[in-house]
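Enquirer:
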Amino acid sequence: TIVQDITTYAARNGSPAWKQGQFRQVVPKTLRQGYDDPAFGGDLCGEQGWYGEETLDVEAVHAMAPDANVLYVGASSCEDSDLLNALNDIVDPRWADIITNSWGGLGEEVSPVLATAYDNVFVQAALEGIGVFYSSGDSGDEVDTIGDRQPDFPAVSPWVTAVGGTSIGIGARNDYLFETGWGTTRSILTDGAWPGLPGTHLYGAGGGTSRVVPQPAYQRGVVPNRLADYFGTGRKGRVVPDVAAIGDPQTGFLVGQTQTFPDGSVRYGEYRIGGTSLSSPVLAGIQALADQASGKPHGFANPALYRLAGSDAVRDVVDPASTLSVVRVDFVNGVDDSDGLRTSLRLLNQTQSLGTRRGYDDVTGIGTPLVSSYVRRLGR
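Residues in the sequence shown are numbered from 80 upward in steps of one, following the working numbering.
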């Protein structure tokens, strides 16, 4: 239902209508492994959630760059061999100028063979003038999930642009109020109080220093030594992310798609979404605007990106001294109030061992693009 959904979404939310032939998709005729595969107990890696990821990516890119052509390429499973095939399907015939990926694995510890296989595709993309963007992950420094502080793969590759996430405040007049690094803790209202503040860590933008990938040349002189040599070994590593965009679900994006509801009905509906799964396509859309303005693709963006550090093309995101929060009232069952409501206090800028600081940091990279200046100055 993707074509029907993105058409409806654009009409309802003020985006320009899709032109004939502006969107197309290439998907396998059959899935090698799917959400209903009995060999894996019905679900190998949350495949039904990828349905919403496709919708988010397409709608977010079009919202940012409404004149860009959009191609969705699907893999026959979520395993690396099939994801690599899908990437090669784009890179080999050079089907795109920009590739945005809202997926990744927890942590950077993958086999050298697998890392080399991905880097071979990314290097080929760079040589062809294709920019590859990856979300930095939604589990912060990873200590809560895998017990070890590290960035995620493939975002840690030196040949991709890793996109972190922020929380952003927009006023009633569509004016900019604030922006912080994205890291959320939650306390649920109980007997009129907020127990255990700051609450339980839910999610946040991924980042950190690699123990495996050495510092790339474009990070020298921009990434501070305290981050590059975070582990004190004297060996500087690649630090993630490179840049950031809106990611926090509390301040995120409205997405619309056809869904099956608990009563069995199938209909179009809209809901709030976020994560660095949003940050990457938003940044890719901004990159498309920069390509359009220059009349040529910028390709691998990182060298040009880091030359913008500290300029008026990016906003240096630094969390305020005070803690910002939002109170949310949610349906307990996620659909309606038949099972009651839940009120929670969510602190926005709880970035664990990561943190925003002046200049480059491991939550937002060099910062967030100030679009008009970024589009004008990138790669000039």
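For glycine and all other residues, C-beta sits at the position ideal for the given N, C-alpha and C.
No experiment lies behind these values; they were computed from the predicted model shown.
1. Let's test the definition: count the other Cβ atoms within 10 Å of the Cβ of A272 and tell me whether it reaches 16, buried, or not, exposed.
2. Could you check the C-alpha separation between E188 and Q229 for me, to the nearest Å?
3. Using 8 angstroms for Cβ pairs, my map puts G354 next to V140. What's the rounded Cβ distance?
4. Take the Cβ of S344 as the centre, count every other Cβ of all protein chains shown within 10 Å, and call the residue buried at 16 or more, exposed below.
5. By Cβ distance below 7 angstroms, which residues in the same chain neighbour E133 in space, the five residues on each side in sequence not counted?
6. Report the residue from W129, L135, P95 whose alpha carbon sits nearest the alpha carbon of E349.
7. Which residues in the same chain as G184 place their Cβ atom closer than 7 angstroms to its Cβ, once the five residues preceding and following it in sequence are excluded?
8. Measure the C-alpha to C-alpha separation of I249 and T337 and round it to an integer number of angstroms.
9. Taking N381 as part of the alpha helix (DSSP H), name the residues at either end of that continuous run.
10. What residue from N148, D391, R91 has the CA that sits closest to S451's CA?
11. Below 8 angstroms on the Cβ atoms is my contact criterion, and I expect L110 with S155 to pass it. Report the Cβ-Cβ distance as a whole number of Å.
12. In chain order, what residues of the same chain have a beta carbon less than 7 angstroms from the beta carbon of P274, not counting five sequence neighbours either side?
13. Would you kindly work out how many angstroms separate the C-alpha atoms of A251 and V397, rounded to a whole number?
14. As a quick exercise: from G311, L362, R314, P95, pick the residue whose alpha carbon is nearest that of I325.
15. Here's a check: name, in chain order, each residue in its chain whose Cβ is nearer than 7 angstroms to the Cβ of S373, leaving out the five neighbours to either side.
16. Threshold first: 3 residues or longer. Then list the beta strand (DSSP E) segments lying entirely within the stretch 92–169, N to C.
Expert: Short version:
1. Along the sequence shown, read from residue 1 onward, the residue named residue 272 stands at position 193. Per the 10 Å Cβ criterion, exposed.
2. Counting from 1 along the sequence shown, the entry for residue 188 is found at position 109. Counting from 1 along the sequence shown, the entry for residue 229 is found at position 150. Each residue's Cα considered, the two are about 9 angstroms apart.
3. To locate residue 354, count along the sequence shown from 1; it is residue 275. To locate residue 140, count along the sequence shown from 1; it is residue 61. The beta carbons of G354 and V140 sit about 15 angstroms from each other, so the pair does not count as a contact at 8 angstroms.
4. Locating residue 344 in the sequence shown gives position 265, where the first residue counts as 1. Exposed is the call here.
5. What you label residue 133 is simply residue 54 of the sequence shown in a count that begins at 1. Cβ neighbours of E133 beyond the five flanking positions: I81, Y151.
6. Mapped onto the sequence shown, residue 349 falls at position 270. For the residues W129, L135, P95, the minimum Cα distance to E349 belongs to L135.
7. Start at 1 with the first residue of the sequence shown, and residue 184 comes out as number 105. Once the five neighbours on either side are set aside, the close Cβ partners of G184 are D231, F232.
8. Along the sequence shown, one-based indexing puts residue 249 at 170. Along the sequence shown, one-based indexing puts residue 337 at 258. Each residue's alpha carbon lies about 28 angstroms from the other.
9. Residue 381 sits at position 302 when you count from the first residue of the sequence shown. First-last of the alpha helix (DSSP H) with N381: 381–386.
10. Within the sequence shown, residue 451 is the residue found at index 372, counting from 1. Residue D391 is the option with its Cα nearest to S451.
11. The residue you call residue 110 lines up with position 31 of the sequence shown. The residue you call residue 155 lines up with position 76 of the sequence shown. Contact holds; Cβ gap of about 5 angstroms.
12. Numbered from its first residue, the sequence shown carries residue 274 at position 195. Closer than 7 angstroms at Cβ, skipping near neighbours: S266.
13. As a working mapping, residue 251 is identified with position 172 in the sequence shown. As a working mapping, residue 397 is identified with position 318 in the sequence shown. Rounded to whole angstroms, A251 to V397 spans 23 angstroms at the Cα level.
14. Indexing the sequence shown from 1 puts residue 325 at position 246. I325 has its Cα closest to that of L362, out of G311, L362, R314, P95.
15. Residue mapping note: residue 373 aligns to position 294 of the sequence shown, counting from 1. Once the five neighbours on either side are set aside, the close Cβ partners of S373 are G458.
16. Runs of the beta strand (DSSP E) inside the stretch 92–169: 102–105, 149–152.
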